[in-house]
Structure formats: structure tokens, C-alpha cells
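Student: In UniProt numbering, each residue's number is its place in the sequence shown (first place is 1) plus 126. Glycine included, each C-beta is placed from N, C-alpha and C at the ideal position. What follows is a single structure, and I will ask about it in a moment.
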Amino acid sequence: GTADLDCDLLVLGAGPGGYSAAFRAADLGLKVVLVERYASLGGVCLNVGCIPSKALLHVAAVMDEVSHMAALGVDFGAPSVNIDKLRGHKEKVVNKLTGGLAAMAKMRKVTVVRGYGAFVGANHLEVEETSGTSQDKTGKKQTIAFKNCIIAAGSQAMRLPFMPDDPRVVDSTGALDLKSVPKRMLILGGGIIGLEMGTVYSTLGARLDVVEMLDGLMQGADRDLVKVWQKMNAPRFDNIMLKTKTVGAKATPAGIEVTFESAEPGGTAPAPQTYDLVLQAVGRSPNGKKIAADKAGVSVTDRGFIPVDIQMRTNVRHIFAIGDIVGQPMLAHKAVHEAHVAAEVIAGELLGNKELASAAFNARVIPSVAYTDPEVAWVGLTEDQAKAQGIKVKKGLFPWTASGRAIANGRDEGFTKLLFDDSPEAHGHGKILGGGMVGTHAGDMIGEIALAIEMGADAVDIGKTIHPHPTLGESIGMAAEVAHGSCTDLP
Ligand code: FAD
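Shown next, in the form of C-alpha cells:
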């Protein structure tokens with residue numbers, strides 16, 4: 127058939143995966159079309175995810191810090207919050223970044239097509255135009271022909287089927303709207319997204335409950351890290367309901383009445399509770415089933431994920447997929463790296479460049495960060511995993527009570543932990559396999575541990591690397607020295 131537009135590469139979705147792929151491919155000389163249904167580029171991460179949440183978390187962290195200052199002799203008094211202005215700040219941050227992306231797309235001559243895309247064949251996508259700030263379809267359609275395609279259509283928040291359609295029930299996007307601060311808030315799901323948003327609302331004055339099916343909050347992180355966060359944050363919560371299922375909810379004039387059930391056979395259920403705001407943060411589901419992938423012959427799993435190989439190629443040779451839509455972990459930095467791989471493979475094949483064409487996603491580790499207060503960050507093998515899998519590790523743990531900088535900051539509750547291979551084959555010189563940090567700015571420091579893992583560093587490499595004093599990052603070097611047994615004097 128005839129097409130209204132054609133290109134070397136069509137990228138479906140302009141989140142961190144999509145725009146990174148489009149930009150890299152354009153830089154490599156390809157003619158690129160980027161299709162996005164929303165008014166701005168940046169996807170979930172920039173518009174309703176990573177960035178707006180961090181804008182609010184920064185303000186919350188400053189407020190919490192300031193409230194601790196009275197004990198140090200400087201009392202700022204009670205904060206006065208102008209929520210409209212705060213929301214405006216968050217919007218400015220988002221607009222600055224998404225506006226920057228639009229300029230970068232233009233500079234690279236990436237054609238941005240606004241609309242809802244769906245495959246109509248293995249080399250054609252139909253785009254139904256959307257307009258304004260809403261996703262209203264204008265009825266205008268165009269067909270784009272492509273030689274190659276990268277699917278980067280992302281994911282969306284999951285909803286519990288029995289949740290009433292009520293403005294007092296929100297997902298993370300609704301929570302980021304920050305319309306008002308509730309008195310009582312329920313966080314449904316004790317993962318990173320829920321706990322970050324809970325941190326913001328609690329600092330602004332809400333009392334929190336959290337309900338989680340599993341036996342602990344912030345799954346994936348080692349329990350010793352989470353324990354430090356939980357101890358510091360206990361005052362924010364009225365009820366932390368673990369091993370508990372949410373089974374019903376009803377909108378009443380007094381609030382959203384939520385009922386619970388024990389997730390354990392024979393366990394007792396907490397009493398029903400009424401909330402001013404319920405945040406659903408029970409996970410995200412991939413958008414694989416909403417793009418007519420079958421019309422292009424692309425396989426999609428029952429859950430909506432698109433399987434790919436290490437070059438990010440789907441079962442159809444010229445169609446690739448990246449980001450949240452290909453699987454866990456659903457993180458922006460993973461999407462960006464996958465994007466570069468897919469763009470390079472495609473450019474390499476089109477331009478006959480073998481080196482580019484052989485690009486592959488072979489990261490050893492992908493760091494995770496909860497931007498709570500304190501932050502919890504981890505990468506690679508965790509201690510809990512090592513135990514479960516019977517992997518022998520040597521641990522170097524450096525408590526921040528021994529860090530001059532943490533003490534000077536009045537925030538010495540954290541610690542840094544490194545895990546080294548202690549198998550007989552390592553002969554006492556095992557490489558670093560994983561690490562975790564809890565404390566202020568932990569997320570800004572975890573990248574060093576990721577680098578050490580990628581480089582195959584051992585405890586001596588890390589311990590002998592001179593870190594500046596006094597910094598929190600120094601704790602990584604000290605933890606390595608502890609593991610190596612050469613840590614004699616602490617700062
Ligand atoms: P998305 O960002 O989901 O982008 C997909 C894009 O495709 C969207 O813009 C969508 O509109 C578009 N699209 C989908 N279908 C179509 C279609 N048919 N036609 C046209 N366009 C379409 N990750 C981190 O690494 N760090 C964080 O701190 C962090 N914080 C988060 C906080 C929150 C509240 C949330 C919800 C997520 C957070 N994440 C964070 C996760 C992060 O946002 C995602 O991993 C990331 O956005 C995934 O990028 P992506 O490119 O795969 O997809």
C-alpha cells in the first residue's frame with residue numbers, strides 16, 4: 127500500500143527508551159520517525175514518573191532536614207506550604223526537561239508524529255492523530271512505512287478491579303497531581319513507587335497506612351538495608367500491614383472504606399479502615415497488547431511483554447523492542463541502555479557497519495534506588511540472594527556511625543555493604559558481586575559499586591582507590607577494606 131511517510135526507523139513511544147533510541151539512530155545517520163500519543167516527549171519517566179516524583183521528594187527531604195535542625199540549635203519554625211506553588215514548581219521542572227527533548231529532536235531532524243500508533247502490517251504503522259493536552263483522537267489517520275521499528279510503548283499502572291471510580295482513588299499519576307493533602311492515606315503496595323509518594327504526602331502532613339501482600343516492604347532490597355529505612359520512617363505510619371491482601375473498597379461520604387484479608391491461611395485480617403486518599407501502587411503492566419503487534423507478526427506474552435534477544439530483537443527480524451515493555455526491571459536507565467543497543471544494531475545493519483551491528487545488551491548489573499529518606503540503593507547480588515542460592519560471599523560492612531561526614535551531617539543511621547566472591551576458586555581475592563547502601567544520597571553513590579562490578583574489581587582495587595575525605599562515598603572504600611581485613615583505623 128501507499129504510505130504518507132516513510133523512514134529507516136520508526137520508534138513507537140517517546141519515553142526514555144524511545145527518545146534515546148531515536149536520537150542515537152539519528153546521530154548515526156538514519157531517517158527516524160518518532161510516534162508519541164502524548165503532547166510532550168519523555169514518556170512516563172519525565173512526565174509522570176522519575177522526574178516529577180524527585181522534584182517533590184527533594185522538597186520533602188529539605189522539609190524533613192529543616193525539622194531536624196531545631197535539635198542542632200537552629201529552629202526554622204513550622205513550614206507553611208503553598209501546594210499550588212509546589213505543584214507549579216514540579217510542572218516547571220517537567221516542562222523544562224520535556225521542552226529540552228523537543229528541541230533535541232528538532233536539532234537531530236527526528237520527525238515527531240503525534241498520535242496513537244498501531245501496526246497494520248510488518249512494515250506499516252497507522253497513526254491516529256491525538257491533540258491538545260488530552261488524548262482525544264481527531265479522526266485524522268496516516269500510515270507510516272518503516273524499514274525497521276523499535277517498540278518502546280512502555281507500561282501503565284495496574285488497578286485492582288474492585289476499586290471504585292472515585293477521585294479519592296489514584297495511581298501514581300494522580301498522586302503526582304498533588305491536588306490536596308489528605309489526612310489519612312493508604313498506600314496499596316509496599317514497593318518503591320508507593321513509598322516514595324507516601325514520603326511526599328506524609329512530609330506534607332498526611333498520616334500513612336501501607337498494605338503489602340508479601341512479608342516486607344521494598345522487596346528486592348536486603349532486609350538489613352530496609353530495616354534502617356523502616357526504623358527512621360516508623361513515625362510516618364499508623365499501620366504497616368504485611369502479608370495482607372486488599373479485598374474490597376467502597377466509596378462513602380466519609381472516605382474510601384477498604385477491607386483486608388490475611389494473605390496467610392488462618393491469619394487474622396486487620397479491621398476495615400476509611401481513607402481520604404488511596405494510592406494504588408501495585409505494579410505496572412506492559413502495553414504490549416495495545417499496539418496490534420500481531421498485525422506485524424510480533425509475539426506478545428499473556429501479560430503483555432514482548433520477548434527479545436540480547437540485541438533487543440523480537441521474533442520479527444527487523445522489529446525491536448526496549449524498555450518497560452520487554453520486562454523487569456522497569457527502570458529508565460535500563461530502557462536507555464537497551465535503546466542504544468537496538469539503535470546501533472539497526473544502524474549497523476542498514477549501513478553495513480559490522481561493529482555497530484554486533485551491539486548487545488550485556489550489562490552485568492542494573493542498580494535500583496528507592497529515593498526515600500534515607501535512600502536505599504542496591505546493585506548486583508544481594509545478601510539475601512547469596513544466602514538463598516548458597517553463594518559464598520565475604521561481606522564488608524561499614525557503618526556510617528564511623529563516617530565523619532555522616533556524623534557531621536547529623537545523619538549517621540546508614541551503612542554501606544559490599545559482597546565479594548568467597549568461593550574456593552577465588553583464593554581469597556574474590557571479585558565484587560554486589561553491594562547495598564542505605565543513607566542520605568545512597569542513590570548518588572551506588573553507581574560506583576555498579577562500575578566496580580562491571581570492571582571486575584576486588585576488595586583491594588576498591589579499598590586502595592583513594593576516596594576524598596570526608597565524604598559519604600568514602601564508605602565504599604572503607605567497606606572494601608573491612609572485607610579485605612585491612613581496615614584498622616576508622617575516620
Ligand atoms: P514509558 O516511559 O512508559 O514511555 C512509553 C511511551 O509510549 C509513553 O510516552 C506513551 O504515551 C507512548 N505510547 C504507548 N503506546 C503508544 C501508542 N500506541 N501510540 C503512541 N504512543 C504510545 N525509573 C527509574 O529508573 N527511576 C525512577 O526514579 C523512577 N521513578 C518512577 C516513578 C513513578 C511514579 C513511576 C510511575 C515510574 C518510575 N520509574 C522510575 C520507571 C520509569 O518511569 C520507566 O521505567 C520508564 O519510563 C520506562 O521507559 P519506556 O521508554 O520503556 O516507557
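If you run the structure through DSSP and keep just helix, strand and coil, what is arginine 439?
Tutor: Working through the sequence shown from its first residue, we reach residue 439 at position 313. Arginine 439: strand per DSSP, three-state reduction.
Student: Report the option in Phe386, Thr329, His250 and Val491 whose CA atom is closest to the CA atom of glutamine 268.
Tutor: Reading the sequence shown from its first residue, position 142 is the one you call residue 268. Out of Phe386, Thr329, His250 and Val491, His250 has the C-alpha closest to the C-alpha of glutamine 268.
Student: Helix, strand or coil for glutamine 515 per DSSP?
Tutor: Within the sequence shown, numbered from 1, the residue matching residue 515 stands at position 389. Helix.
Student: Report the CB separation of leucine 477 from cysteine 275 in whole angstroms; it is logged as a contact under 8 angstroms.
Tutor: The residue you call residue 477 lines up with position 351 of the sequence shown. The residue you call residue 275 lines up with position 149 of the sequence shown. Contact doesn't hold; Cβ gap of about 17 angstroms is too wide.
Student: Could you tell me which residues DSSP pairs with cysteine 275 in its beta bridges?
Tutor: To locate residue 275, count along the sequence shown from 1; it is residue 149. In the DSSP output, where bridge partners are listed per residue, cysteine 275 has Leu136 and Ile445.
Student: Put tyrosine 401 into one of helix, strand or coil per three-state DSSP.
Tutor: Indexing the sequence shown from 1 puts residue 401 at position 275. It is a strand residue.
Student: Would you say leucine 523 and lysine 543 are within 8 angstroms of each other, going by their C-beta atoms?
Tutor: Residue numbering aside, residue 523 sits at position 397 when the sequence shown is read from its first letter. Residue numbering aside, residue 543 sits at position 417 when the sequence shown is read from its first letter. Cβ distance < 8 angstroms, so leucine 523 and lysine 543 count as in contact.
Student: Can you find a C-beta in chain D that's less than 8 angstroms from the C-beta of alanine 583?
Tutor: In the displayed structure, chain D is absent; only one protein chain is listed.
Student: Any chance the CB of serine 260 is under 7 angstroms from a heavy atom of the ligand FAD?
Tutor: By one-based count along the sequence shown, residue 260 stands at place 134. Answer for serine 260: no, Cβ out of range of the ligand FAD.
Student: Tell me which residue opens and which closes the alpha helix (DSSP H) that serine 388 is part of.
Tutor: For this step, residue 388 is matched to residue 262 along the sequence shown. Serine 388 -> not in any alpha helix (DSSP H); beta strand (DSSP E) instead, spanning 381-388.
Student: Does the beta-carbon of lysine 211 have 16 or more other beta-carbons within 10 angstroms, so that it is buried, or is it exposed?
Tutor: What you label residue 211 is simply residue 85 of the sequence shown in a count that begins at 1. It counts as exposed.
Student: Could you tell me whether the region 321-339 touches the region 170-188, where touching means 3 or more Cβ pairs closer than 8 angstroms?
Tutor: At 8 angstroms Cβ cutoff, the stretches touch.
Student: Are the region 548-555 and the region 593-600 touching by the rule of at least three beta carbon pairs closer than 8 angstroms?
Tutor: No: the two stretches stay apart, fewer than three of their Cβ pairs being nearer than 8 angstroms.
Student: Look up histidine 250 in the DSSP assignment and give the residues it is bridged to.
Tutor: As a working mapping, residue 250 is identified with position 124 in the sequence shown. According to DSSP, histidine 250 bridges with Gly247 and Ala271.
Student: Between Ser328, Thr237, Ala605 and Arg150, which has its C-alpha nearest alanine 469's C-alpha?
Tutor: Your numbering for residue 469 matches position 343 in the sequence shown. The option with the nearest alpha carbon to alanine 469 is Arg150.
Student: Distance, Cα to Cα, lysine 157 vs alanine 196?
Tutor: Counting from 1 along the sequence shown, the entry for residue 157 is found at position 31. Counting from 1 along the sequence shown, the entry for residue 196 is found at position 70. When rounded, the distance between both Cα atoms is 59 angstroms.
Student: Does the beta-carbon of proline 493 have 16 or more other beta-carbons within 10 angstroms, so that it is buried, or is it exposed?
Tutor: Within the sequence shown, residue 493 is the residue found at index 367, counting from 1. Classification for proline 493: buried.
Student: Counting only the same chain and skipping the five closest in sequence on each side, list residues whose C-beta sits under 7 angstroms from that of threonine 329.
Tutor: The count along the sequence shown starts at 1 and reaches residue 329 at position 203. Once the five neighbours on either side are set aside, the close Cβ partners of threonine 329 are Ala186, Met189 and Asp190.
Student: Hey, how far is the Cα of isoleucine 277 from the Cα of isoleucine 448?
Tutor: Within the sequence shown, residue 277 is the residue found at index 151, counting from 1. Within the sequence shown, residue 448 is the residue found at index 322, counting from 1. Cα to Cα, the separation comes out at about 6 angstroms.
Student: May I ask you to check if the CB of proline 142 is nearer than 7 angstroms to at least one heavy atom of the ligand FAD?
Tutor: On the sequence shown, residue 142 is found 16 positions in, with the first residue counted as 1. It does: the Cβ of proline 142 is within 7 angstroms (strictly closer) of some heavy atom of the ligand FAD.
Student: To the nearest angstrom, how far is the alpha carbon of methionine 367 from that of tyrosine 497?
Tutor: Mapped onto the sequence shown, residue 367 falls at position 241. Mapped onto the sequence shown, residue 497 falls at position 371. If I take the Cα positions, the gap works out to 22 angstroms.
Student: To which residues of the same chain is glutamate 574 closer than 6 angstroms at the C-beta, ignoring the five residues directly before and after it?
Tutor: Counting from one through the sequence shown, the residue named residue 574 turns up at place 448. Result list for glutamate 574: Ile602, in chain order.
Student: Tell whether a beta-carbon distance below 8 angstroms holds between alanine 375 and valine 384.
Tutor: The residue you call residue 375 lines up with position 249 of the sequence shown. The residue you call residue 384 lines up with position 258 of the sequence shown. In contact: alanine 375 and valine 384 (Cβ atoms closer than 8 angstroms).
Student: Assuming glutamine 495 and isoleucine 572 are in contact, meaning their beta carbons sit under 8 angstroms apart, how far apart are those beta carbons, in whole angstroms?
Tutor: Counted from its first residue, the sequence shown places residue 495 at position 369. Counted from its first residue, the sequence shown places residue 572 at position 446. The displayed chain sequence assigns valine, not glutamine, to residue 495. Right, their Cβ atoms sit about 6 angstroms apart.
Student: CA-CA distance, glycine 225 and aspartate 303?
Tutor: Here residue 225 refers to the residue found at position 99 when the sequence shown is read from its first residue. Here residue 303 refers to the residue found at position 177 when the sequence shown is read from its first residue. Between glycine 225 and aspartate 303, the C-alpha separation is close to 19 angstroms.
Student: By Cβ distance below 8 angstroms, which residues in the same chain neighbour valine 296 in space, the five residues on each side in sequence not counted?
Tutor: Taking the sequence shown and counting its residues from 1, the one referred to as residue 296 is at position 170. Closer than 8 angstroms at the Cβ level, and outside the excluded window around valine 296, lie Asp303, Leu403, Val404, Leu405 and Gln406.
Student: Within its chain, find whatever has a CB closer than 7 angstroms to the CB of lysine 421; leave out the 5 residues flanking it on each side and keep chain order.
Tutor: Walking along the sequence shown from the start, residue 421 turns up at place 295. Excluding sequence neighbours, lysine 421 sits near Phe245, Val246 and Gly247.
Student: Examine the ligand FAD and report whether any of its heavy atoms sits within less than 7 angstroms of the Cβ of serine 388.
Tutor: On the sequence shown, residue 388 is found 262 positions in, with the first residue counted as 1. No, Cβ of serine 388 sits at least 7 angstroms from all heavy atoms of the ligand FAD.
Student: So, helix, strand or coil for valine 188, using DSSP?
Tutor: Sequence index remark: in the sequence shown, residue 188 carries index 62 (1-based). Of the three classes helix, strand and coil, the one that applies to valine 188 here is helix, per DSSP.
Student: Considering valine 495, what are the terminal residues of the beta strand (DSSP E) in which it resides?
Tutor: On the sequence shown, position 369 is the one that residue 495 refers to. It spans 494-496 - the beta strand (DSSP E) in which valine 495 sits, taken as one unbroken run.
Student: Just the Cα atoms here: how many angstroms apart are alanine 578 and glutamate 607?
Tutor: Locating residue 578 in the sequence shown gives position 452, counting from the first residue. Locating residue 607 in the sequence shown gives position 481, counting from the first residue. Their Cα atoms are separated by approximately 14 angstroms.
Student: What does the alpha-carbon distance come out to for the pair asparagine 359 and arginine 333?
Tutor: Here residue 359 is taken as the residue at index 233 of the sequence shown, counted from 1. Here residue 333 is taken as the residue at index 207 of the sequence shown, counted from 1. Each residue's alpha carbon lies about 12 angstroms from the other.
Student: Could you give the residue range of the alpha helix (DSSP H) that holds glutamate 574?
Tutor: In the sequence shown, counting from the first residue as 1, residue 574 sits at position 448. Unbroken alpha helix (DSSP H) run through glutamate 574: 568-581.
Student: Quick check on DSSP: helix, strand or coil for asparagine 365?
Tutor: By 1-based counting over the sequence shown, the position of residue 365 is 239. Of the three classes helix, strand and coil, the one that applies to asparagine 365 here is strand, per DSSP.
Student: Identify which residue in Met344, Gln399, Ala152 and Gln511 has its Cα closest to the Cα of glutamate 501.
Tutor: Taking the sequence shown and counting its residues from 1, one reaches residue 501 at position 375. Measuring from the Cα of glutamate 501, the nearest candidate turns out to be Met344.
Student: Tell me, please, whether the region 214-222 touches the region 335-344 by the rule of three or more beta-carbon pairs shorter than 8 angstroms.
Tutor: With the cut-off at 8 angstroms, the region 214-222 and the region 335-344 do not touch.
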